[in-house]
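Here's the structure we're looking at; comments come further down.
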Amino acid sequence: MTQHSSEPLGTPLEVFMTFLQLGLTAFGGPIAHLGYFRDELVVRRQWIDEAGYADLVALCQFLPGPASSQVGFAMGLLRGGPLGALAAWLAFTLPSAVLLVTFALGAALLDGPIAAGLLHGLKIVAVAVVAQAVLGMARTLTPDRQRAAIAVAAIAVVVFVPVTFGQIAAIVLGGVVGTWLCRDGQTAPIGHLQFPISRRFGVMALAGFIVMLLGLPLLSHLLSAPALDLASAFYRSGALVFGGGHVVLPLLQAEMVAPGWVAANDFLAGYGAAQAMPGPLFAFSAYLGAVTQHGPNGIVGAALCLVSIFLPGFLLLVGALPFWDSVRTRPLAQAAMRGANAAVVGLLAAALYDPVWTGAILRPADFALAAAGFVALTVWKFPPWTVVVLLALGGVGLGAWP
102 MTQHSSEPLG TPLEVFMTFL QLGLTAFGGP IAHLGYFRDE LVVRRQWIDE AGYADLVALC
162 QFLPGPASSQ VGFAMGLLRG GPLGALAAWL AFTLPSAVLL VTFALGAALL DGPIAAGLLH
222 GLKIVAVAVV AQAVLGMART LTPDRQRAAI AVAAIAVVVF VPVTFGQIAA IVLGGVVGTW
282 LCRDGQTAPI GHLQFPISRR FGVMALAGFI VMLLGLPLLS HLLSAPALDL ASAFYRSGAL
342 VFGGGHVVLP LLQAEMVAPG WVAANDFLAG YGAAQAMPGP LFAFSAYLGA VTQHGPNGIV
402 GAALCLVSIF LPGFLLLVGA LPFWDSVRTR PLAQAAMRGA NAAVVGLLAA ALYDPVWTGA
462 ILRPADFALA AAGFVALTVW KFPPWTVVVL LALGGVGLGA WP
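Quick look at the structure:
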């Protein structure tokens, strides 16, 4: 890395303004975000060198959580210290979160066939986007027979155990089986990451992660507090996301739609709208917090859910940074992650069928529109926001079709 000092070299304000620009313009999902970060922070501003950035990306892809937001959080920490990390997250997340909360509050005011067609078009968007994510992740994360078998087994687990426990079990079993089947693979590159975090503080962060993961469900059960229910559900979802933002879809569906806290139609419409937003897909949590019928909703619910879903990934990142160099070269740990990532592909494939496909594809014309969106994304390489606009308008057109 270029920076060997543990002292930050910039200010939180500098970090905030840099990431606000990225939060307003970074369309295209986590992989695209990492490209935006590289152009702005490595090439243009030289906050870190290429080798250090590659090491940081490898760490954030290894951990559960929103990889691009974790990279941004770490870059803010490196440049501006703890306040810089907070500034990076706020600036990168707020634009999309504010837009989605506005959509959530305004959607309740929409009525009539045009509004119904628009919302149905957004649900069809979700089909095209999730299908693209499944295809891309399958190519990367299940390139051989062993990992493809783990993905299929994960589909079976979530089909026969259709609750949150099934999601957790599929990921855990994927990691365990991966230590047996996925030992052959590329090893992590050699490098060093130097951040202003001691091992003692890292251990405290990991302990906080575990305490909240176990303690929030217990408290919500004992106190019967809806706000704690929401915090527990979103914290648990954020703690279990491997492989990119789209993977949060089946987890949040199990947490929010299955118990009736958010209507299935509202869930899919919000997920479709989230595809048109810059910044992290995890901002979808703000929409769900705004529309939920369980606990605080509106702006308070949005803020609660937004913080809860990002917090576990950041705690894990802070806990891992002091130890990453020694852990990531161990073959057993890498094999477990390969297996867990393969299971994630299965989870997303199951979600593509239910609730995404079953909630959006109601007639052949819906399928044709979804197929057009899928081809636009995967073959014609349209920007995601343009596909959202086109399919939303297509939904309005289908609604007017006799």
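Each residue of the sequence shown is one higher than the one before, starting from 102 at the first, in this note's numbering.
Backbone N, C-alpha and C define an ideal beta-carbon position, used for all residues, glycine too.
Because the structure is a prediction, the values reported are computed rather than measured.
Cα atoms of H395 and A249: separation of roughly 38 angstroms, rounded to the nearest angstrom.
If you ignore the 5 residues before and after Q376, its C-beta comes within less than 7 angstroms of the C-beta of V226, V230, P485 and V489, all in its own chain and listed in chain order. When the alpha-carbon of G390 is set against those of P381, F368 and P379, the nearest one is in F368. In the DSSP assignment, D150 falls outside any alpha helix (DSSP H), carrying neither H nor E.
Rounded to the nearest whole angstrom, the CA to CA distance from G182 to H347 is 30 angstroms. When DSSP states are grouped into helix, strand and coil, C161 belongs to the helix group. For S325, no alpha helix (DSSP H) encloses it, and the DSSP letter there is neither H nor E. Residue environment for M357: buried (at least 16 other C-beta atoms within 10 angstroms of its C-beta).
Between the alpha carbons of P379 and L352 lies a distance of about 22 angstroms. When the five nearest sequence neighbours on each side are left out, the beta carbons in the same chain lying within less than 7 angstroms of the beta carbon of Y154 are those of R139 and V143, in order along the chain. Secondary structure note for A216: its alpha helix (DSSP H) is the uninterrupted segment P214 to L242. In this structure, the alpha-carbon of P131 lies about 8 angstroms from that of P167.
A444 sits close to A252, with the two beta carbons spaced by under 8 angstroms.
Setting aside the 5 residues that flank it on each side, L341 is surrounded in the same chain by P165, Q268, I269, I272 and L352, each with a C-beta closer than 7 angstroms to its C-beta; the list follows chain order. According to the DSSP assignment, I400 belongs to the alpha helix (DSSP H) that extends over G399 to A421. Taking the Cα of V497 as reference, the smallest distance to any Cα among Q122, G185 and P214 is reached at P214. If you check the CB distance, L470 and G500 do not come in under 8 angstroms.
Between the alpha carbons of R337 and L324 lies a distance of about 18 angstroms. For E115, the uninterrupted alpha helix (DSSP H) run begins and ends at P113 to T126, by DSSP. The beta carbon of F117 lies closer than 6 angstroms to those of A188 and A192 in the same chain, with the five residues before and after it left out.
By the criterion of a C-beta distance shorter than 8 angstroms, F475 is surrounded in its chain by V228, A229, A232 and Q233, once the five residues flanking it on both sides are discounted.
If the five residues before and after A387 are omitted, its C-beta is found closer than 6 angstroms to the C-beta atoms of A198, L201, V202, A403 and L407, all from its own chain and listed in chain order.
Of the candidates L223, L274, H221 and L206, the residue whose Cα lies closest to the Cα of G399 is L206. Pairing P113 with T119, the inter-Cα distance amounts to about 10 angstroms.
Contact fails between the segment 298-315 and the segment 432-444, because fewer than three Cβ pairs, one in each stretch, are under 8 angstroms apart. Residues of the same chain with a CB within less than 6 angstroms of the CB of Q162, apart from the 5 flanking positions on each side, are A168 in chain order. If the five residues before and after V172 are omitted, its C-beta is found closer than 7 angstroms to the C-beta atoms of L135, F138, L157, V158 and C161, all from its own chain and listed in chain order. Per DSSP, T430 lies in no alpha helix (DSSP H) and is assigned neither H nor E. For W481, no alpha helix (DSSP H) encloses it, and the DSSP letter there is neither H nor E. If you ignore the 5 residues before and after G111, its C-beta comes within less than 6 angstroms of the C-beta of R180 and G181, all in its own chain and listed in chain order. If you draw a 10 Å sphere on the C-beta of T430, you find fewer than 16 other C-beta atoms in it, and that means exposed. Taking the C-beta atoms as reference points, G124 is found nearer than 8 angstroms to L195. The three-state secondary structure of R246, taken from DSSP, is helix. DSSP places A377 in the coil class of the three-state scheme, outside both helix and strand.
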